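Asker: Dropping a structure here in structure tokens format, bear with me for questions.
There are 2 protein chains.
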Amino acid sequence: MTTHDASLIDVARAAGVSTATAGRALGGYGQVSERTRERVLAAAAELGYRPNSLARSMVTGSTHTIGVVVTDVANPFFATALRGITDVTSPAGFEVLLANTGGQLASEQRAVTVMSEKRVDGMIVAAARPGEGAHLRHAMDAGVPVVLIDRQVSGVPDADSITVDNDHAAAEAVAHLVELGHRRIGVITEAGDQLARVRSGTRRRGLFPSAVRLRGYVSALRSAGLDVDETLVASARYDRESAYDAMTRLLGLAHPPTAVLCTDNVLASGAYRAVQDRGLRMPAEVSLIGFDDEPWTTLVRPGLTIVEQPTYELGARAGRQLLDRIAATEGPRRPQHIQLRAKLVARGSTVP
Amino acid sequence: MTTHDASLIDVARAAGVSTATAGRALGGYGQVSERTRERVLAAAAELGYRPNSLARSMVTGSTHTIGVVVTDVANPFFATALRGITDVTSPAGFEVLLANTGGQLASEQRAVTVMSEKRVDGMIVAAARPGEGAHLRHAMDAGVPVVLIDRQVSGVPDADSITVDNDHAAAEAVAHLVELGHRRIGVITEAGDQLARVRSGTRRRGLFPSAVRLRGYVSALRSAGLDVDETLVASARYDRESAYDAMTRLLGLAHPPTAVLCTDNVLASGAYRAVQDRGLRMPAEVSLIGFDDEPWTTLVRPGLTIVEQPTYELGARAGRQLLDRIAATEGPRRPQHIQLRAKLVARGSTVP
DNA sequence: CTGAAAGCGCTTACAG
DNA sequence: CTGAAAGCGCTTACAG
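Chains as they are written, first to last, in full-length UniProt numbering: chain A, 1 to 352; chain B, 1 to 352.
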């Protein structure tokens, strides 16, 4: 136990050199003779010297830290994306400062501000509200590059973004069902309140992924020459129980749907359970499609047909994109908006 | 876009006060008159002033950042624990510096060193190797409090720890099976190579959770007056396929087990699938128990009996413990070793 | 190759 | 309540 952390000054004194020389020997910059280096290294080891990154960052202007802001780390989607991020940034020598917002805008704003003040070299953000970008605007104006993931945000058109083509993903699921002969196709969604807006056609920025998926559902029906029957659009909150109720409601209709699309995996698990409890056979009596390839979707019988998002890839690409931005010494280049494709995986819940 | 970030000096100049006064007005410490405060705040807003936490930390000696080191964020177990940590530390004004080690000791050592140099106020670590604690020893000697989660580590007996009572957890599962009349109880484990060590009885520190669970299995059998039949101890790597093979092997034995315990949820999913594919009925022909209450365990038919770990709580307690340590200004208190209890949840895979 | 000095942007006694 | 000065622990021109 040292009474006082040894600093470079202490090491320099012990080695009989200047702090500049000690710094060069220890930091691996500049030129130092072999003999001197050894003396300094020995002194450092002797004193248990631990460099202070804070001081170093103060002068170099870089922290080798990136900020990552998500709504819920416990959600497998974000946990997997996060893994993609760290797998890419860690070998490059960057660490991750993580914030969990719980989907609260105020919490996100605080996190972005604090990270900016801690001088992260850049940040990756899964925003809580697609319509609120002022805090991100501030960060970018201060020179902190921002990469958006999963959701576009209005107000920061110059931020890079990596998203999944949710429009296409949902449409592909619907097309799959249409091809199988379904005409009454329902949907369980968190974005039910956006149906009107979605039907009239809005631009993607400013929409949640769930709303974009709802739009994909609507447009795919239209392409197939089918009407959008509002009684088949069931709203649910983001939890299993709510989805269970929504599915039960759909199945209890006078004219129930023969197939249902769930716009994410949490909703799908609730819906799946509802079908089980009603004793209906899949796909004979009702077909079901979910999102994300989670382990349970292949363990249940029948297996669940899903739209598989490239979740890990989403994080990895975001990490790479941010590192590129940080490395780019020239002025601001044009923003990159990368859209990843989701893939339909057909299983027993739709195909006999 | 400012050419040059505004510093406190710039704000002070613009407000016509000293940097000390500007700092007091902005930082909320010391005394400032209302009039002065307003002038300073106005100047700061005008210049788009963004405090530099690095500089502040240099002088205050605290970063309000804690380090969290895990083997795999994408694993629901760690993702959930991480959520528990952030939920506790974030309201207290701390952010998390995250490192993912992939279970690699070298990676963990690097992460711990870097975090220590970045001057985190403390760290929470789920160690890659229970036997390797030198790097943690260094951190603690440098005055950085460490809280161990999920795994004890030798060499740092003075670090706090929050773990699950895995001995008891596994034993309870076995007792449940014994009570149901089972006499041939198998186990699928990652710690098969430790069987000899575990049978001869070693202390907990220095053992992986999976090895501790294996020990619980062994001691519960003994308590029930049953012999440990080594042919019923099936080794598997940490993935579904390997567990699938292990279960298939057990079921193909001349005298197969009538019940099998899987020491974690990944192994359980592989084993469950193997039972399905062999067309065996649970629990009539074989009973199965897993770990962790994941969504799929209630979606499959029959539902899987599990030992439920208090995962979120594990993280939350670790966060609280670390905050306590950081707040404690007095010298080193005695280390706290908190053991959380797991809970058996009986479902259809063991009970008709 | 090495050193003296300045500076990164703050906070903290110490005076007034 | 306010300010001048020192200092946190490094790195970086600038000389030699």
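Ideal Cβ placement from N, Cα and C applies to all residues, glycine included. Note that the structure is predicted; figures quoted are calculated from it, not measured.
For a contact meaning CB atoms closer than 8 Å, what does residue 318 of chain A contact in chain B?
Answerer: Result: empty, since nearest Cβ-Cβ is about 15 Å, beyond 8 Å.
Asker: On the premise that residue 350 of chain B lies in contact with residue 177 of chain B, defined as a C-beta separation below 8 Å, what is that separation, rounded to the nearest angstrom?
Answerer: 7 Å
Asker: For the putative contact between residue 148 of chain A and residue 164 of chain A, defined by C-beta atoms under 8 Å, what is the C-beta separation to the nearest angstrom?
Answerer: Contact annotation, residue 148 of chain A with residue 164 of chain A: C-beta distance approximately 12 Å; criterion of less than 8 Å not satisfied.
Asker: Touching or not, the stretch 237-246 of chain A and the stretch 256-272 of chain A, by the rule of three or more beta carbon pairs under 8 Å?
Answerer: yes
Asker: Can you check whether the CB of residue 82 of chain A is closer than 9 Å to the CB of residue 112 of chain A?
Answerer: The answer is no: Cβ separation not under 9 Å.
Asker: If we require 3 or more residues per run, which beta strand (DSSP E) segments fall completely within the stretch 78-139 of chain B?
Answerer: 95-100 and 122-125
Asker: Is any heavy atom in the ligand COA found nearer than 8 Å to the beta carbon of residue 310 of chain A?
Answerer: In terms of ligand content, the structure shown is empty, and the ligand COA therefore cannot be addressed.
Asker: Compile a chain-ordered list of the residues in the UniProt domain "HTH lacI-type" (6-60) of chain A whose CB is closer than 8 Å to at least one CB of chain B.
Answerer: Across the UniProt domain "HTH lacI-type" (6-60) of chain A, CB contacts with chain B closer than 8 Å involve 48, 50, 51, 52, 53, 54, 55, 57 and 58, in sequence order along the chain.
Asker: For the stretch 266-292 of chain B, which residues have a CB atom closer than 8 Å to at least one CB atom of chain A, in sequence order?
Answerer: 269, 272, 273 and 276
Asker: Strictly under 9 Å for the Cβ-Cβ distance: is residue 312 of chain A near chain B by that measure?
Answerer: yes
Asker: Which residue wins for smallest C-alpha separation from residue 122 of chain A, given the options A:233, A:67, A:278 and A:25?
Answerer: A:67
Asker: Given 8 Å as the limit, is there contact between the stretch 183-190 of chain A and the stretch 255-266 of chain A, that is, 3 or more CB pairs closer than that?
Answerer: yes
Asker: Are the beta-carbon atoms of residue 144 of chain B and residue 120 of chain B separated by less than 9 Å?
Answerer: yes
Asker: Only counting the same chain, and skipping five residues up and downstream in sequence, which positions put a Cβ closer than 7 Å to that of residue 198 of chain B?
Answerer: Taken in chain order, the residues that qualify are 211, 214, 215 and 218.
Asker: Taking a contact to mean a Cβ-Cβ separation below 9 Å, would you say residue 188 of chain A touches residue 116 of chain A in this structure?
Answerer: no
Asker: If we cut at 9 Å on Cβ distances, does residue 98 of chain A have a partner in chain B?
Answerer: yes
Asker: Does the beta carbon of residue 349 of chain A sit closer than 9 Å to a beta carbon anywhere in chain B?
Answerer: no
Asker: Relative to the C-alpha of residue 103 of chain A, which residue among A:282, A:47 and A:129 is closest?
Answerer: Of the residues A:282, A:47 and A:129, the one whose Cα lies closest to the Cα of residue 103 of chain A is A:129.
Asker: Check each residue of the stretch 76-88 of chain A: if its Cβ is closer than 7 Å to any Cβ of chain B, include it; give the result in chain order.
Answerer: 76, 79, 80, 82, 83 and 86
Asker: Buried or exposed: which applies to residue 305 of chain A, given that a residue is buried once 16 or more other Cβ atoms fall within 10 Å of its Cβ?
Answerer: buried
Asker: Taking Cβ-Cβ distances below 7 Å as the criterion, which residues of the stretch 97-124 of chain B are in contact with chain A?
Answerer: 97, 98, 99, 100, 114, 116, 117, 118 and 119
Asker: Since residue 146 of chain A is in the beta strand (DSSP E), which residue starts that stretch and which ends it?
Answerer: 146-149
Asker: Mind checking if residue 294 of chain A is an interface residue toward chain B, Cβ cutoff 9 Å exclusive?
Answerer: yes
Asker: Could you name the residues of the same chain whose beta carbon sits closer than 8 Å to that of residue 233 of chain A, not counting the 5 residues immediately before and after it, in chain order?
Answerer: 186, 187, 189, 192, 195 and 214
Asker: Give the DSSP bridge partners of residue 339 of chain B, in chain order.
Answerer: B:163
Asker: Give the secondary structure of residue 234 of chain A by DSSP, where H, G and I count as helix, E and B as strand, and everything else as coil.
Answerer: strand
Asker: Using CA atoms only, rank isn't needed, just tell me which of A:160, A:225, A:154 and A:228 is closest to residue 206 of chain A.
Answerer: A:154
Asker: Residues of the stretch 297-309 of chain A in Cβ contact with chain B at a cutoff of 9 Å, in chain order, please.
Answerer: 297, 298, 299, 300 and 301
Asker: Anything in the stretch 127-160 of chain B with a Cβ closer than 7 Å to a Cβ of chain A? List those residues in chain order, please.
Answerer: 141 and 142
Asker: Quick check: what's the CA-CA separation for residue 345 of chain A versus residue 157 of chain A?
Answerer: One alpha carbon belongs to residue 345 of chain A, the other to residue 157 of chain A, and they sit about 33 Å apart.
Asker: Just the C-alpha distance for residue 170 of chain B and residue 101 of chain B, rounded to the nearest angstrom, thanks.
Answerer: 27 Å
Asker: What do you get for residue 264 of chain A, buried or exposed, if any count of 16 or more other CB atoms within 10 angstroms of its CB means buried?
Answerer: Counting the other Cβ atoms within 10 Å of the Cβ of residue 264 of chain A gives 16 or more, which makes it buried.
Asker: For residue 181 of chain A, which of helix, strand or coil comes out of DSSP?
Answerer: Coil, per DSSP.
Asker: Any Cβ of chain A within less than 9 Å of the Cβ of residue 190 of chain B?
Answerer: No, because no Cβ of chain A sits closer than 9 Å to the Cβ of residue 190 of chain B.
Asker: Cβ of residue 146 of chain A within 9 Å of Cβ of residue 99 of chain A?
Answerer: In this structure, residue 99 of chain A does not lie closer than 9 Å to residue 146 of chain A by Cβ.
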